[in-house]
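Residue numbers (the numbering used here): 324 to 435. All C-beta atoms in this analysis are idealised placements derived from N, C-alpha and C, irrespective of residue type, glycine included. Remarks on the structure that follows.
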């Protein structure tokens, strides 16, 4: 194992640990509906660790695949976080989730 590989693995391990800690803290604060904060942090560690192991053991592994594996855990958490914060209401295609109440812009109502 070269020095560069060891530095990348060490830096990647630290980055995965920091991201998992941030996910755990945010999941506690938000109160995600599915799973516990520890489960989401473990998913981040699992996907990040698997990508690091793949990068180290398979040097010819395609980088886009490794990056997808790295991003999988945090992205799944962000999807669940968004669902927990916006609720299970039916989607309304006429307004954004950030808009509350009726829209004051009625410019295209006369066109219909």
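For the 7 Å CB-CB criterion, residue 413 and residue 379 do not form a contact. With a beta-carbon spacing of about 4 Å, residue 347 and residue 364 fall inside the 8 Å limit used to define contacts. With contacts defined by Cβ atoms closer than 7 Å, residue 367 and residue 350 do not form a contacting pair. For residue 384, the secondary structure class from DSSP, reduced to helix, strand or coil, is coil.
For residue 339, the uninterrupted alpha helix (DSSP H) segment begins and ends at 326 to 353.
Looking at 381, 357, 389, 415, the one whose alpha-carbon comes closest to that of residue 406 is 357. Taken through DSSP and simplified to helix, strand or coil, residue 372 comes out as helix.
Shown here, residue 378 sits in a helix according to DSSP, grouped into three states.
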